[in-house]
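Heads up, the thing below is written out as structure tokens.
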Amino acid sequence: MRVIALSNQKGGTGKTTSAINIAYALSRKGYQILLIDLDPQASLTASLGINPEKTIYQLLKREISLEESVITKNKVAVIPADINLAAADIELSGVAGREFMLRESLDDTLAYDFVLLDCPPSMGLLTINALTAAREVFITVQTEFLALQGMSKLLETIDMVRERLNRELSLNGIIATRYDKRRVLNREVIENLYAYFGTKLFNTFIRENISLAEAPSFGQDIFSYRPNSTGAADYLMLGQEIIERGFANEDR
Ligand SMILES: Nc1ncnc2c1ncn2[C@@H]1O[C@H](COP(=O)(O)OP(=O)(O)OP(=O)(O)O)[C@@H](O)[C@H]1O
Ligand SMILES: [Mg+2]
377 MRVIALSNQK
387 GGTGKTTSAI
397 NIAYALSRKG
407 YQILLIDLDP
417 QASLTASLGI
427 NPEKTIYQLL
437 KREISLEESV
447 ITKNKVAVIP
457 ADINLAAADI
467 ELSGVAGREF
477 MLRESLDDTL
487 AYDFVLLDCP
497 PSMGLLTINA
507 LTAAREVFIT
517 VQTEFLALQG
527 MSKLLETIDM
537 VRERLNRELS
547 LNGIIATRYD
557 KRRVLNREVI
567 ENLYAYFGTK
577 LFNTFIRENI
587 SLAEAPSFGQ
597 DIFSYRPNST
607 GAADYLMLGQ
617 EIIERGFANE
627 DR
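In terms of our numbering, the sequence shown is residues 377 to 628.
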């Protein structure tokens, strides 16, 4: 089982869009997927048209079991969130082992090939829980102005988690999003990413594609909404790369 956190404390870099569409790309290739919404904004939950009764918040608080928290949507298992999760940061902060709540909740998830964690745009306790539960972290980067702003803080946090909480954690992928090859700035950001991260940068860049932005308003992933879009093609290619890349066994 591969547990992957999609993270960047910067807002709007494509974490949620990528979590959903990577999940459905891998599902179409026959893998069993668990998708977890860890953002109190609950964008992932809303983007899939889920109106949840049970959420990750209750699971983290041990009020329900993992099976009870899961909703299956088009063959993908989803643990949804709602705004109550905003309280988790504070409520759980006094609990001993607060960084391990998610990791412990996932202890019986052996039935899945991939678990994808959609992190909120912050470095609070929820993101720390995701990084502690994951074996791999993928960073989504929008290929725009200030793309790398805040990156050193994020890398520091990943290093801190690796040193103190989760020795296994590996930065195993950089996903470039909203790429438009006609824009010089977009190409420059890619060059910078490659210079800094080398082969950790996935070869597949997710192109700017209106269908990716529209699909959530229909509660659909890109393959249900527009299977012939460039967005569907890009996430399918990225899914293949993720499979081929496998676990990283070296440090960042
Ligand atoms: N490749 C793309 N082409 C066009 N629009 C995109 C693309 N990727 C994401 N978007 C749009 O950009 C916005 C931000 O994307 P998304 O919600 O996935 O980012 P996020 O990192 O999860 O944001 P947050 O930090 O708020 O959780 C959304 O409106 C989404 O539909
Ligand atoms: Mg999001």
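The beta carbon of each residue, even a glycine, is placed where N, CA and C say it ideally should be.
All figures in this text were calculated on a predicted structure; none of them were measured in a lab.
In this structure, the alpha-carbon of L577 lies about 14 Å from that of L382. When distances are taken from the beta-carbon of A487 to the heavy atoms of ligand 1, even the shortest one reaches 7 Å or more. Taking C-beta atoms under 8 Å as the contact rule, L547 and M377 fail to qualify, at a distance of about 19 Å. According to the DSSP secondary-structure assignment, D494 is paired through a beta bridge with L382 and D413. Three or more Cβ pairs drawn from the region 407–416 and the region 489–506 lie within less than 8 Å of each other, which places the two stretches in contact.
The C-beta distance from I598 to A589 rounds to 10 Å, too long to fall under 8 Å, and the pair is not in contact.
Bounds of the beta strand (DSSP E) holding V513 are E512 to Q518.
Shortest Cα-Cα distance from S469 to any of L501, T580, V446 and D484 involves L501.
Secondary structure within the region 440–470: the alpha helix (DSSP H) runs of 4 or more consecutive residues, fully enclosed, are 442–445 and 464–467 (chain order).
Sixteen is the threshold: when 16 or more other Cβ atoms of the shown chains lie within 10 Å of the Cβ of V565, as they do, the residue is buried. Cα atoms of I459 and Q417: separation of roughly 6 Å, rounded to the nearest angstrom. In the three-state scheme derived from DSSP, where H, G and I count as helix and E and B as strand, S546 is classed as strand. Leaving aside the five residues that flank I551 on each side, the residues in its chain whose CB is nearer than 6 Å to its CB run, in chain order, S394, F514, T516 and F578. Y611 and N427 have their alpha carbons spaced roughly 25 Å apart. Of all C-beta pairs linking the region 444–459 to the region 401–410, three or more are shorter than 8 Å, placing the two stretches in contact. Proximity to S593 across I380, T421 and G387 peaks at T421, based on C-alpha coordinates.
Any heavy atom of ligand 2 counts here; residues with a Cβ closer than 5 Å to one of them, in chain order, are K391, T392 and S419.
In this structure, DSSP gives I582 a state outside helix and strand, which the three-state scheme calls coil. The beta carbons of E539 and F623 sit no closer together than 8 Å. DSSP places G615 inside the alpha helix (DSSP H), whose first and last residues are T606 to R621. Residues I409, K451 and V452 of the same chain have their beta carbon placed closer than 7 Å to that of S403, with the five preceding and five following residues left out of the count. With 16 or more neighbouring CB atoms inside 10 Å of its own CB, V537 falls in the buried class.
Taking the Cβ of I582 as the reference point, at least one heavy atom of ligand 1 falls within a distance shorter than 7 Å.
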